[in-house]
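Just below is one structure, and these are the notes that go with it.
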Amino acid sequence: MTDPKDPKDPKVSKAPETLKAELLDVALEAALRAGTFLRDGRPDDLGVAATKSSAVDVVTEMDIASEKLITGFLAERRPADGVLGEEGASSEGSSGVQWVIDPIDGTVNYLYGRPDWSVSIAARKDGETLVGVVHAPMRGETYRAVLGEGAFVNDRPARVRPAPPFGEALVGTGFGYLTERRVRQAEVARHLIPQVRDIRRGGSAAIDLCDVAVGRLNAYYERGLNPWDFAAGDLVAREAGALTGGRPGEALSGELAVAAPPGLFETLQGLLEELGAWHD
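For this note's numbering, count along the sequence shown from 1 and bump the result up by 5.
Have a look at this one:
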């Protein structure tokens, strides 16, 4: 029988603020542990362990090991919670809390030794994201947000840049792994590039969303993301003052993800709708 005072017992009710604080502590520790493991333990001969949607959609042995490290830690600290991980971890849980995990967001960057990769961990309750943490070890930065409490990069408040004129916007994006999708995405980018300052392709959706949050990008859009790609970064961007969504009137989803400050978001979202960025 579970001790009724045991904080791990899902029947023990907690005030929302207390729960959010606990989830943040757990997410930060899990992300930092995984980030240290990935940074310090990367083998010199790291290779592809498997592929997913196509031959260029890769998984490394470190993706798998990082997810095991994170899920093992979560099982110790919050055993009643559910888990959804990119590399296959999935459990329902009984607490109403679900952890959404990307053990390496930016795997191709990590494979090639490029610095823009991250560990992304979000905690949801009843479908609402309460906590998001994106840890980017090679940047020395950890982005975090709690619903209703703002966003931070390390210990500094994060805030989006004010919306510039559309022609002066620096816009981030990403491309899928299926050839047909890439062709369509390239066509959208071809139409968009002449209308903005420039486009950047970083390779980690989580970091791109956080770059909007801290003002390193004015905006970001992408088609084809999965929940683990955007769950944490979406909250960080929103808590830093960005608007996020998909097609007009719809939430951010795998169909389309858009993030930008008010005044720029609406214009970019409308143009992407006209260009058909939401379909292949």
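All residues carry an ideal CB built from backbone N, CA and C; glycine is no exception.
**OP:** Measure the Cβ-Cβ separation of L277 and V263 and say whether it is below 8 Å.
**Re:** yes
Original post:
For S99, does the three-state DSSP call read helix, strand or coil?
Top reply: Correct three-state label for S99: coil.
Original post:
T184: buried (16+ other C-beta within 10 angstroms of its C-beta) or exposed?
Top reply: exposed
**OP:** Rounded to whole angstroms, what's the CA-CA distance from R164 to A94? Just pull it up for me.
**Re:** 33 Å
Original post:
Terminal residues of the continuous alpha helix (DSSP H) containing A70?
Top reply: 66-82
Subject >> DSSP state of H284 mapped onto helix, strand, coil >> reply: DSSP places H284 in coil when its eight states are reduced to three.
**OP:** Identify, in the order they occur along the chain, each residue of the same chain with its Cβ nearer than 6 Å to the Cβ of F171, setting aside the five sequence neighbours on each side.
**Re:** T272
Original post:
Where does G229 sit, in a helix, a strand or coil, going by DSSP?
Top reply: coil
**OP:** Answer yes or no: do E227 and R202 have a C-beta to C-beta separation smaller than 8 Å?
**Re:** no
Original post:
Under the three-state reduction of DSSP, which class applies to E279: helix, strand or coil?
Top reply: helix
Original post:
Can you name the start and end residues of the alpha helix (DSSP H) that E133 belongs to?
Top reply: No alpha helix (DSSP H) holds E133; the beta strand (DSSP E) holding it covers 133-141.
Original post:
Taking buried to mean at least 16 other C-beta atoms within 10 Å of its own C-beta, is N223 buried or exposed?
Top reply: Buried, by the Cβ-count rule.
Subject >> Reference L43, options E244, P253, T112, G246, closest by Cα >> reply: T112
Subject >> For M6, three-class secondary structure by DSSP >> reply: Here M6 scores only 34 on pLDDT, less than 50, and its place in the model should not be relied on; the value that follows carries that caveat. Of the three classes helix, strand and coil, the one that applies to M6 here is coil, per DSSP.
Subject >> Short Cβ contact (8 Å threshold) for L240 with A210 >> reply: Not in contact: L240 and A210 (Cβ atoms no closer than 8 Å).
**OP:** Could you pull out every unbroken beta strand (DSSP E) segment of at least 3 residues lying fully inside the region 198-245, listed in chain order?
**Re:** 203-206, 224-227
**OP:** Would you be able to state if there are at least three C-beta pairs under 8 Å between the region 194-208 and the region 240-251?
**Re:** no
**OP:** Let me know the alpha helix (DSSP H) ranges lying completely inside the region 17-59, each 4 residues or longer, listed in chain order.
**Re:** 21-46
Original post:
To the nearest angstrom, how far is it from the Cα of A282 to the Cα of R119?
Top reply: 28 Å
Original post:
E133: buried (16+ other C-beta within 10 angstroms of its C-beta) or exposed?
Top reply: exposed
Subject >> Beta-carbon proximity of L74 to T65, cut-off 8 Å >> reply: No. Outside cutoff.
Original post:
Counting along the chain, where does the beta strand (DSSP E) carrying Y117 start and finish?
Top reply: Annotation for Y117: no beta strand (DSSP E) segment contains it, though the alpha helix (DSSP H) segment containing it runs 112-117.
**OP:** Determine the direct distance from the alpha carbon of L37 to that of V219, and round the result to whole angstroms.
**Re:** 20 Å
Subject >> The beta strand (DSSP E) enclosing A127, as first and last residue numbers >> reply: 123-130
Original post:
Within the chosen definition, does the region 121-138 reach the region 249-268 through at least 3 CB pairs nearer than 8 Å?
Top reply: A contact is defined here as three or more CB-CB pairs under 8 Å, and the region 121-138 fails this definition with respect to the region 249-268.
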